[in-house]
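Down below is the structure, laid out as structure tokens.
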Amino acid sequence: METKEFKAESKRLLDLMINSIYTHKEIFLRELISNASDAMDKLYFKSLTDDGVSVSRDDLAINIKLDKEARTITITDNGIGMTREELEDHLGTIANSGSFKFKNENQTDEDVDIIGQFGVGFYSAFMVAKEVTVKSRAYGSDSAFEWVSEGADGYRVGECSKDSVGTEIVLVLKNNTDDENYDEFLEQYRIKGLVKKYSDYIRFPIKMEMQKSRLKEGSDNEYEDYTEEEILNSMVPIWKKNKNELKDEDYNGFYKEKFMDFTDPLTHIHTKAEGTATYNALLYIPSKAPYDFYSREYEKGLQLYSSGVLIMDKCADLLPDHFSFVKGLVDSEDLSLNISREMLQHDRQLKLIAKSLERTIKNELTKMLKNDRDKYEEFYKAFGLQLKFGVYNNYGMNKDQVKDLIMFHSSAENKLVTLEEYVSRMKEEQKYIYYACGESIEKIDKLPQTELVKDKGFEILYFTDSVDEFAIKMLHDYSEKEFKSVSAGDLDIETAEEKEEVKAKSQESEDMFKFMKEKLGDKVKEVRLSGRLKTHPVCLSSEGEVSVEMEKILNTMPGDQKVSSSKVLEINPDHPVFQSLKKAYDSDKEKLEKYSRLLYDQALLIEGMPVEDPVEFSNLVSELMI
Numbered sequence: 000m001e002t003k004e005f006k007a008e009s010k011r012l013l014d015l016m017i018n019s020i021y022t023h024k025e026i027f028l029r030e031l032i033s034n035a036s037d038a039m040d041k042l043y044f045k046s047l048t049d050d051g052v053s054v055s056r057d058d059l060a061i062n063i064k065l066d067k068e069a070r071t072i073t074i075t076d077n078g079i080g081m082t083r084e085e086l087e088d089h090l091g092t093i094a095n096s097g098s099f100k101f102k103n104e105n106q107t108d109e110d111v112d113i114i115g116q117f118g119v120g121f122y123s124a125f126m127v128a129k130e131v132t133v134k135s136r137a138y139g140s141d142s143a144f145e146w147v148s149e150g151a152d153g154y155r156v157g158e159c160s161k162d163s164v165g166t167e168i169v170l171v172l173k174n175n176t177d178d179e180n181y182d183e184f185l186e187q188y189r190i191k192g193l194v195k196k197y198s199d200y201i202r203f204p205i206k207m208e209m210q211k212s213r214l215k216e217g218s219d220n221e222y223e224d225y226t227e228e229e230i231l232n233s234m235v236p237i238w239k240k241n242k243n244e245l246k247d248e249d250y251n252g253f254y255k256e257k258f259m260d261f262t263d264p265l266t267h268i269h270t271k272a273e274g275t276a277t278y279n280a281l282l283y284i285p286s287k288a289p290y291d292f293y294s295r296e297y298e299k300g301l302q303l304y305s306s307g308v309l310i311m312d313k314c315a316d317l318l319p320d321h322f323s324f325v326k327g328l329v330d331s332e333d334l335s336l337n338i339s340r341e342m343l344q345h346d347r348q349l350k351l352i353a354k355s356l357e358r359t360i361k362n363e364l365t366k367m368l369k370n371d372r373d374k375y376e377e378f379y380k381a382f383g384l385q386l387k388f389g390v391y392n393n394y395g396m397n398k399d400q401v402k403d404l405i406m407f408h409s410s411a412e413n414k415l416v417t418l419e420e421y422v423s424r425m426k427e428e429q430k431y432i433y434y435a436c437g438e439s440i441e442k443i444d445k446l447p448q449t450e451l452v453k454d455k456g457f458e459i460l461y462f463t464d465s466v467d468e469f470a471i472k473m474l475h476d477y478s479e480k481e482f483k484s485v486s487a488g489d490l491d492i493e494t495a496e497e498k499e500e501v502k503a504k505s506q507e508s509e510d511m512f513k514f515m516k517e518k519l520g521d522k523v524k525e526v527r528l529s530g531r532l533k534t535h536p537v538c539l540s541s542e543g544e545v546s547v548e549m550e551k552i553l554n555t556m557p558g559d560q561k562v563s564s565s566k567v568l569e570i571n572p573d574h575p576v577f578q579s580l581k582k583a584y585d586s587d588k589e590k591l592e593k594y595s596r597l598l599y600d601q602a603l604l605i606e607g608m609p610v611e612d613p614v615e616f617s618n619l620v621s622e623l624m625i
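Spelled out as structure tokens, the structure:
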């Protein structure tokens, strides 16, 4: 055999290949299988364009053989093979890709996908092998040639004997070290797992002799070992099959096996796009949120395939945060991959696919909302919170994508309604979309601040999630109708007569309210008569951007800096308490001060906020009972 050296630049690239380019050693099997698939695709293409070549796709296959004693992995294909010149061109010069050259020289049809384009994948074998031998016989040639390298300085090349057309690659694995266990790649279960993970949808069968055991014939407890050839890959991916070939059971079974879920998904989306963004996609909406979905540990993303070969297990860039609950995969031939095929280069094509998927998911959810309300509400129970985060997140950048999908409990309907449904039945004189915040529907329903809005016959949306009010503040309006909290300083709801009546009573008690404000200090911005209360004696309203509910939520978050809303203590002029306040102001201002503190604490409790001094509150109640 003739000994040759790698070129200096090839030596440097080979060192990069082994130590830097690939992050996972297991990738070597994916690369060698992909190269074998390319070789068979080339031969099959040749049979389509050359009448002298007769090859059936059914005759083409990849074989893997493990030998624990010799510490070898052998990968064999019966593809187009290589001449001596091609062996030296493709293997002797790193990054000289025969597949790339083939793809540029031939107008391949849709049945021929050439996976390897960079000419470096073969050298990933040196991450696990101390010696690599390639024997190849080109189609139409009677001669075979052998290429051998230990991956350091060069290679040996010469003639050899090989009975059949195609290529055989033998890897002699490295010895184990304290940090690396190369023996794992000699285990059948490990190789089978890697084929399923990365190469399950290679379009040729990948076969391996599997060691198995069975009961001896005529025996109840004696077993015997035997070997059986097994096809390790599925070959035709479900997402490339016609929809009319598949049933819900097929989609659901694939989902549960691929994404490790025990329950059927709520729905699936099987789509194909061509044009500016060309891809196949199979997406699923789970029926339940994963246990870690609303935690930092959760990783969003779709599996990404290039021509059926897994490139990334979770490509986060394909899903916006508001649709992070979607599981599934995308397969595209048009992606710009980096040299190792382990990562994507962030190009225009990826962004186009992501934008197209976002539209597809939104359309599917909109269709479910309109045509299958029960299923949508089941979905919303699991993932509605994420949609509302989508309105608020990134300064509202995606709010228009999500606003028609969010829902809130309605005081009028006593069920979840969309913003579109709310606006469609607003009364002619109603200016705002009214909402109220609280820990639960039951507690909100009892809030004093809701009395006037309900009395006017206006519908109220109940906000029970911590993100709700923040999201609505970001949304600002819907169909040109602004949102307004029932606790806002001015509801802009009273008639002119009602406003005048409250104003007149306020002027009569102006000095008393100033006294109460002075005794409460910075706790409130103002004490005034209320036009919104009907049966309750007192409530808190707020002015400014930060509401009482927002204060409560923000102050539960980590951090030393506390947030305070601008609170207004409102007194019901038609409640007997108001008369008691006026009487105390005229005859016992010390008692009025106690009344003020007590009413403020009472208003805090109604809002679900802690009183500042529970002991003082208890003592005040006791004193006033004596």
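If you read the sequence shown in numbering that gives the first Met the number 0, its first letter stands for residue 0, the second for the next number, and so on. The beta carbon of each residue, even a glycine, is placed where N, CA and C say it ideally should be.
Exclusion of the five residues before and after Glu-25 leaves Leu-193 as the residues of its chain whose Cβ lies within less than 6 Å of its Cβ. With contact defined as three or more Cβ pairs closer than 8 Å, the segment 305-315 and the segment 276-289 are not in contact. The segment 320-330 makes no contact with the segment 412-424; the number of CB pairs closer than 8 Å stays below 3. By the Cβ criterion, the segment 495-513 is not in contact with the segment 461-479, since fewer than three pairs of Cβ atoms, one from each stretch, lie closer than 8 Å. Remark: C-beta atoms of Leu-528 and Phe-577 approach each other more closely than 9 Å. Excluding its 5 nearest sequence neighbours in each direction, Glu-298 has C-beta neighbours in its own chain below 6 Å: Lys-313, listed in chain order.
Using a Cβ distance threshold of 9 Å, Phe-462 and Glu-357 do not count as a contacting pair. Within the same chain, His-321, Ser-323, Phe-324 come within 7 Å of Gln-385 by CB-CB distance, once the 5 residues on both sides are set aside.
Taking a 10 Å sphere around the C-beta of Ser-621, we find fewer than 16 other C-beta atoms and assign the residue as exposed.
Three or more beta-carbon pairs drawn from the segment 556-573 and the segment 536-548 are found closer than 8 Å, and the two stretches are therefore classed as touching.
Cα atoms of Met-608 and Tyr-197: separation of roughly 54 Å, rounded to the nearest angstrom.
The continuous beta strand (DSSP E) containing Phe-407 extends over residues 406-409.
Taking a contact to require three or more Cβ pairs closer than 8 Å, the segment 522-537 and the segment 442-451 qualify as touching. DSSP places Met-396 outside both helix and strand once states are collapsed to three, so it counts as coil. In the structure shown, the three-state DSSP call for Leu-519 is helix. Shown here, Ala-143 sits in a strand according to DSSP, grouped into three states. Per DSSP, the beta-bridge partners of Gln-210 are Thr-226. As DSSP reads the structure, Glu-167 sits in a beta bridge with Thr-75, Lys-134.
When only Cα atoms are considered, Asp-403 and Glu-479 end up about 14 Å apart.
The alpha-carbon of Lys-366 is positioned some 40 Å away from that of Ile-605. The shortest C-alpha to C-alpha distance from Gln-302 to any of Leu-539, Tyr-254, Gln-348, Glu-296 is the one to Tyr-254. Per DSSP, reduced to three states, the secondary structure at Gly-389 is helical.
Straight across, the Cα-Cα distance linking Gln-348 with Lys-257 is about 26 Å. DSSP places Lys-483 within a strand segment (E or B) once states are collapsed to three. Where Ile-310 is concerned, the enclosing beta strand (DSSP E) starts and stops at 308-314. In this structure Ile-440 is exposed. Its beta-carbon is surrounded by fewer than 16 other beta-carbon atoms within 10 angstroms.
Where Ala-60 is concerned, there is no enclosing beta strand (DSSP E), because DSSP gives it neither an H nor an E.
For the pair of segments examined, the segment 26-37 was found to touch the segment 69-85: the number of CB pairs separated by less than 8 Å reaches three. Out of Ile-552, His-408, Ala-411, Lys-445, the CA that lies nearest to the CA of Ser-465 is found in Ile-552.
In the DSSP assignment, Val-567 forms a beta bridge with Glu-525, Ser-540. Going by C-alpha positions, Ala-381 is about 24 Å away from Asp-249.
DSSP, read as helix, strand or coil, puts Thr-2 in strand. Per DSSP, Leu-356 is one residue of the alpha helix (DSSP H) stretching across 347-370.
Shown here, Asn-174 sits in coil according to DSSP, grouped into three states, outside any helix or strand. Annotation: Ile-201 is outside any alpha helix (DSSP H) and is labelled neither H nor E by DSSP. In this structure Lys-414 is exposed. Its beta-carbon is surrounded by fewer than 16 other beta-carbon atoms within 10 angstroms.
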